[in-house]
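One point on numbering: in UniProt numbering, the residue at position 148 of the sequence shown is 148, and numbering is uninterrupted.
Comments concern the structure below.
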Amino acid sequence: MEKEDALTEALRLAVDPPGTVSVEALRELARDDDANEWDIATTSEHLGLNPHTLRYYERIGLVEVARDSAGHRVYDAAAVRRLVFLTRMRVSGMPISDLRRYVELIESGADTVPERREMLLEHRDTLRAQIAQLQLSLAATEYKIATYQEGPLP
């Protein structure tokens with residue numbers, strides 16, 4: 001493979017990596033049905049979160065979780081959807097303090113929609129800048145891998 005071809009392929013892989021997350025996978029996590037409720041173990045398994053994290057999010061007020069007659073946590077679809085959002089925001093680097101502020105705004109009502117939107121717009125801009133830098137890093141890595149496939153260089 002010529003160096004120019006290697007660079008082109010590296011850039012393609014950086015922009016369109018294999019195995020990207022599908023919208024369907026996100027919908028499955030978000031649970032649109034209101035009929036089923038999950039216990040903490042099921043919620044933990046489906047969201048890939050430690051039960052301690054789920055309890056922590058509840059303790060600091062990020063999510064409200066109902067209890068059954070035995071006192072066990074019962075996660076309804078709304079709680080799971082909130083946890084999916086919180087998890088994606090944490091993975092993307094949003095601090096807990098910002099998430100707490102966001103949840104406070106939600107609980108304050110519809111008048112706070114413009115402020116919530118502004119928070120998300122700022123976070124999106126930060127993510128886009130980070131993604132651009134990561135794509136360049138990935139392209140550089142793919143390019144270097146491709147050059148090594150041509151054999152050792154002096």
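Where a beta carbon is used, it is the ideal one built from N, C-alpha and C, also for glycine.
Residues of its chain near residue i, where Cβ-Cβ distance is below 8 Å and the 5 sequence neighbours each way are ignored
i      : result
Arg116 : Tyr102, Leu105, Ile106
Ile40  : Pro51, Leu54, Arg55, His72, Arg73, Tyr75
Residue nearest to residue i in terms of C-alpha spacing, selected from the options
i     : options                        : result
Thr43 : Asp76, Leu86, His123, Asp111   : Asp76
Leu49 : Asp111, Glu118, Arg90          : Arg90
Pro95 : Pro114, Ala79, Leu62, Ser69    : Leu62
Gly93 : Ala132, Thr147, Thr126, Ile145 : Thr126
Val65 : Glu45, Trp38, His46, Met119    : Trp38
Euclidean distance between Cα positions of residue i and residue j
i      : j      : result
Ala140 : Leu121 : 29 Å
Ser137 : Leu83  : 30 Å
Arg73  : Leu86  : 18 Å
Tyr56  : Gly71  : 17 Å
Arg88  : Lys144 : 31 Å
Arg59  : Glu142 : 43 Å
His123 : Ala78  : 23 Å
Arg128 : Arg100 : 23 Å
Pro114 : Tyr148 : 51 Å
Leu47  : Asn36  : 15 Å
Met119 : Arg67  : 32 Å
Gln133 : Thr112 : 32 Å
Cβ-based neighbour list, residue i, same chain, cut-off 6 Å, excluding 5 preceding and 5 following
i      : result
Gly109 : none
Ser97  : none
Identify every run of the alpha helix (DSSP H) within the UniProt domain "HTH merR-type" (37 to 105), keeping only runs that are complete inside it and at least 4 residues long; order them along the chain. 40 to 47, 51 to 59, 77 to 91
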